[in-house]
Amino acid sequence: MIPLMFRAGSFVMVRKVPKRYAAVEPRKQIWLSLGTDVHVEAVTKATAAWDALIASWELRLAGESDEAMKRYDAVREIAARKNITYIPQSEC
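In terms of our numbering, the sequence shown has 1350 at position 29, counting the first letter as 1, and numbering is strictly consecutive.
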């Protein structure tokens, strides 16, 4: 299960970046506002977001950085449409 925090009226996913992806992801932790106060919905959104991040990192490790960035950008666009907000770690 993905760990969630409730912060400022909304669930937030906070996960450490696996060491395997350190070469392609400079952040040590991912903070992602899920834009909901409903736990079941937050779990669904967090699972989808984490799976998308893993897929993006795997593509980057495989040397497909252009495709990885396209997928990452697409995931951010989809997240924005679903009211999921990315919070840079520097702002947490």
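Think of the CB as a built atom: it goes at the ideal place given N, C-alpha and C, for glycine as much as any other residue.
- Apart from sequence neighbours up to five positions away, the residues of its chain that approach Y1393 with a beta-carbon distance below 7 Å are S1377, ordered along the chain.
- M1334 counts as buried, since no fewer than 16 other beta carbons sit within 10 angstroms of its beta carbon.
- By the CB criterion at 8 Å, E1388 and L1380 fall inside the cutoff.
- Counting the other Cβ atoms within 10 Å of the Cβ of F1332 gives 16 or more, which makes it buried.
- Per DSSP, V1345 lies in no alpha helix (DSSP H) and is assigned neither H nor E.
- Around K1337, the same chain offers Q1350 as residues with beta carbons nearer than 6 Å, after the five sequence neighbours per side are excluded.
- Scanning its chain for C-beta atoms nearer than 6 Å, with the 5 sequence neighbours on each side dropped, one finds around A1370 the residues L1353, in chain order.
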